[in-house]
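Here the structure comes first, spelled out in structure tokens, and everything after it is commentary.
Protein chains: 2
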Amino acid sequence: MTPNNEQAITSADKTFFQLRNDIVEGVIPSGCKLSETELSTKYEVSRAVVREAINRLATCHLVERKANVGARVVALSPEGLVQLYQVREALEGMAARLAARYMSDGEIAAMQGLLDSHFNKVKGGESYYQEAGDVDFHYRIVTGSKNSHLISVLIDGLYHLVRMYRVQLGMAGPRVTTAFDEHRHIVNAIANRDEELAEILMRRHILYSKNNIEKKLNHA
Amino acid sequence: MTPNNEQAITSADKTFFQLRNDIVEGVIPSGCKLSETELSTKYEVSRAVVREAINRLATCHLVERKANVGARVVALSPEGLVQLYQVREALEGMAARLAARYMSDGEIAAMQGLLDSHFNKVKGGESYYQEAGDVDFHYRIVTGSKNSHLISVLIDGLYHLVRMYRVQLGMAGPRVTTAFDEHRHIVNAIANRDEELAEILMRRHILYSKNNIEKKLNHA
DNA sequence: TTTTCTCATAATGTCGACAATATAGGCTTT
DNA sequence: AAAGCCTATATTGTCGACATTATGAGAAAA
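Order-wise, the sequence lines are chains A and B.
First residue of the first sequence? That's 1 in UniProt numbering, and the numbers climb one at a time after it.
First residue of the second sequence? That's 1 in UniProt numbering, and the numbers climb one at a time after it.
Put into structure tokens, the structure is as follows:
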């Protein structure tokens with residue numbers, strides 16, 4: 001799953017996390033209307049809490065809100081997926097560039113070690129680690145950029161949408177070993193402090209990933 | 001001012017716009033604590049609407065919220081400005097690329113006309129049009145990308161922070177004619193449907209702009 | 001039968017009150 | 001006098017009730 005280092009303080013936090021998970025996992029289906037009263041009875045909290053949770057979901061682009069009408073879970077579409085990956089390409093490309101500039105030698109070494117361990121596990125046939133490893137890799141690059149805007153937009157926002165597409169469109173997909181090679185090349189560029197190359201490789205990595213998903217969509 | 005095509009439906013909308021403007025313009029100073037009770041009496045609305053407004057400000061990164069403590073207006077810093085422009089470079093670069101791909105011939109022609117009229121007005125000495133023209137130009141590129149994520153992150157989010165830095169650090173600045181040339185080159189690339197060049201030029205344009213601001217900050 | 005208007009209903013928006021939490025100031029203790 | 005604890009107070013978090021708005025069913029008119 002997603003590494004959950006965010007912890008719920010208030011009741012609204014908890015409700016937000018639960019709702020977000022239910023939406024990403026498809027328990028609450030795409031396009032579904034979110035009734036405040038209904039959810040408040042279901043989750044056993046007041047409407048104010050549900051309202052705040054829904055507002056936060058809206059900032060993640062997981063739901064869309066209309067004044068005096070209500071909120072609906074975002075509709076998944078091929079165009080939406082393309083747009084999502086266009087933004088990922090821009091932001092994560094920059095994140096890789098900044099990671100090459102700002103990550104400490106220790107952080108880079110840790111990331112290299114991570115790749116090794118994931119590679120061994122995947123080689124041993126544990127397909128679970130493919131997804132988890134990919135997620136972990138991208139998280140480290142983004143946080144390595146030390147850019148608070150990049151971190152919040154990607155980790156608090158877009159990544160949940162990415163996961164939603166993956167889960168609901170059944171993206172377990174191959175592309176395992178090739179993706180690993182791409183990860184390895186990116187980390188090498190970062191280790192060499194080659195900002196330009198790191199950005200280019202990350203952008204191509206995401207572009208390939210998008211093409212792969214699009215191909216599946218069209219075949220289905 | 002900012003072209004305000006967003007209209008307030010609910011009371012929370014109105015309060016949000018007022019608060020946002022007061023923060024950007026510095027009426028509520030950077031770093032200031034936002035008391036819910038205080039603001040609710042000042043703006044003559046209930047605490048619930050102030051709360052919702054503050055939450056929305058938090059999603060714009062104009063205030064920072066801590067559970068059980070409250071919200072403070074974001075602190076402006078040289079590092080924050082650098083990070084802001086790093087993200088702008090990535091996102092607006094991609095926006096220019098997509099604008100070259102998706103903008104209609106009519107939209108491009110309109111943008112060229114806009115540049116002409118702004119050039120004439122600035123040549124006539126109306127310095128107000130420098131800022132307004134720059135804002136308008138960047139808005140058109142972003143909306144021209146037809147990418148809803150780019151549009152919302154930039155226009156609903158980062159641009160208000162950009163304006164806040166401009167206003168409060170006194171960025172009226174020269175760089176008028178050179179910026180105009182850069183705008184012209186970018187539009188030409190878009191008109192030629194040269195995605196690669198449009199992105200590169202936009203990124204350099206924003207990079208120059210950042211360097212210019214940094215220079216001023218260091219001199220002050 | 002189709003269209004339009006009206007109204008009932010159910011949802012969202014707003015409000016004031018209460019509960020839970022953080023913080024500052026004073027008090028005790030060493 | 002300094003440090004730590006504790007209480008008073010003010011702020012945020014949560015709640016249920018009321019106000020306002022959108023929407024669909026049904027009646028009336030063409």
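Even glycine gets a Cβ: it sits at the ideal position worked out from N, Cα and C.
Owing to the predicted nature of the structure, the values given are computational and were not obtained by experimental measurement.
Below 9 Å between beta carbons: does that hold for residue 81 of chain B and residue 165 of chain B? yes
So does the segment 181-199 of chain B actually touch the segment 39-47 of chain B, counting three or more Cβ pairs closer than 8 Å? no
In whole angstroms, give me the CA-to-CA distance for residue 201 of chain B and residue 33 of chain A. 43 Å
Any C-beta of chain B under 9 Å from that of residue 89 of chain A: yes
Residue ranges of each alpha helix (DSSP H) within the segment 27-97 of chain B, 4 or longer: 36-42 and 47-59
Hey, how far is the Cα of residue 116 of chain A from the Cα of residue 134 of chain A? 13 Å
Taking buried to mean at least 16 other C-beta atoms within 10 Å of its own C-beta, is residue 92 of chain B buried or exposed? buried
With a cut-off of 9 Å, does the C-beta of residue 40 of chain B fall near any C-beta of chain A? no
Output needed in chain order: residues of the segment 24-48 of chain A with a Cβ under 8 Å from some Cβ in chain B. 48
Could you give the residue range of the alpha helix (DSSP H) that holds residue 193 of chain B? Run containing residue 193 of chain B: none; DSSP gives neither H nor E here.
Would you verify that the beta carbon of residue 55 of chain A is, or is not, closer than 9 Å to some beta carbon of chain B? yes
Beta carbon proximity, residue 226 of chain A to chain B, threshold 9 Å: This structure cannot settle anything about residue 226 of chain A, because the visible part of chain A is limited to 1 through 220.
Are the C-beta atoms of residue 181 of chain B and some chain A residue less than 9 Å apart? no
Kindly list, in the order they appear in chain A, the residues whose Cβ is closer than 8 Å to that of residue 9 of chain B. 67 and 68
What does the Cβ neighbour count give for residue 162 of chain B, buried or exposed, with the cut at 16 atoms within 10 Å? buried
Any C-beta of chain B sitting closer than 9 Å to the C-beta of residue 209 of chain A? no
Quick check on residue 147 of chain B - is its C-beta less than 9 Å from some C-beta in chain A? yes
Taking the C-alpha atoms as reference points, what is the distance between residue 148 of chain A and residue 159 of chain A? 15 Å
Beta-carbon gap between residue 98 of chain A and residue 86 of chain B smaller than 9 Å: yes
What distance in whole Å lies between the Cβ atoms of residue 72 of chain A and residue 63 of chain A, which are believed to be in contact at a cut-off of 8 Å? 6 Å
Contact set for residue 53 of chain A: own chain, Cβ-Cβ below 6 Å, skip 5 residues either direction: 12, 15, 16 and 19
Chain A contact residues for residue 84 of chain B, given Cβ-Cβ distances below 8 Å: 149
Buried or exposed for residue 142 of chain A, going by 16 or more other Cβ atoms inside 10 Å? buried
When you compare the CB of residue 2 of chain A with every CB in chain B, is at least one pair closer than 9 Å? The predicted position of residue 2 of chain A is uncertain, since its pLDDT is 45 and thus under 50; no value can be drawn from it.
Is residue 111 of chain B near residue 190 of chain B, with beta carbons less than 9 Å apart? yes
C-beta contact flag for residue 214 of chain A and residue 100 of chain A at 9 Å: no
Can you tell me the Cα-Cα spacing of residue 56 of chain A and residue 145 of chain B, whole angstroms? 25 Å
Could you check if residue 209 of chain B is buried or exposed, using at least 16 other CB atoms within 10 Å of its CB as the buried criterion? buried
Within the 9 Å Cβ cut-off, does residue 13 of chain B reach chain A? yes
Would you grab the beta carbon distance between residue 96 of chain B and residue 9 of chain A for me? Rounded to a whole angstrom, and I think it's under 8 Å. Rounded, the Cβ-Cβ distance is 41 Å, inconsistent with contact.
Straight-line Cα distance separating residue 170 of chain A from residue 217 of chain A: 10 Å
Separation of residue 47 of chain A from residue 49 of chain B, as counted between CA atoms: 14 Å
Do you know whose CA, among B/22, B/140, B/94 and B/58, lies nearest residue 106 of chain B's CA? B/140
Please list the terminal residues of the continuous alpha helix (DSSP H) segment that includes residue 168 of chain B. 159-168
Candidates A/137, A/150, A/21 and A/132: which alpha carbon is nearest residue 88 of chain B's? A/150
Between the alpha carbons of residue 35 of chain A and residue 24 of chain A, how many angstroms are there, rounded? 18 Å
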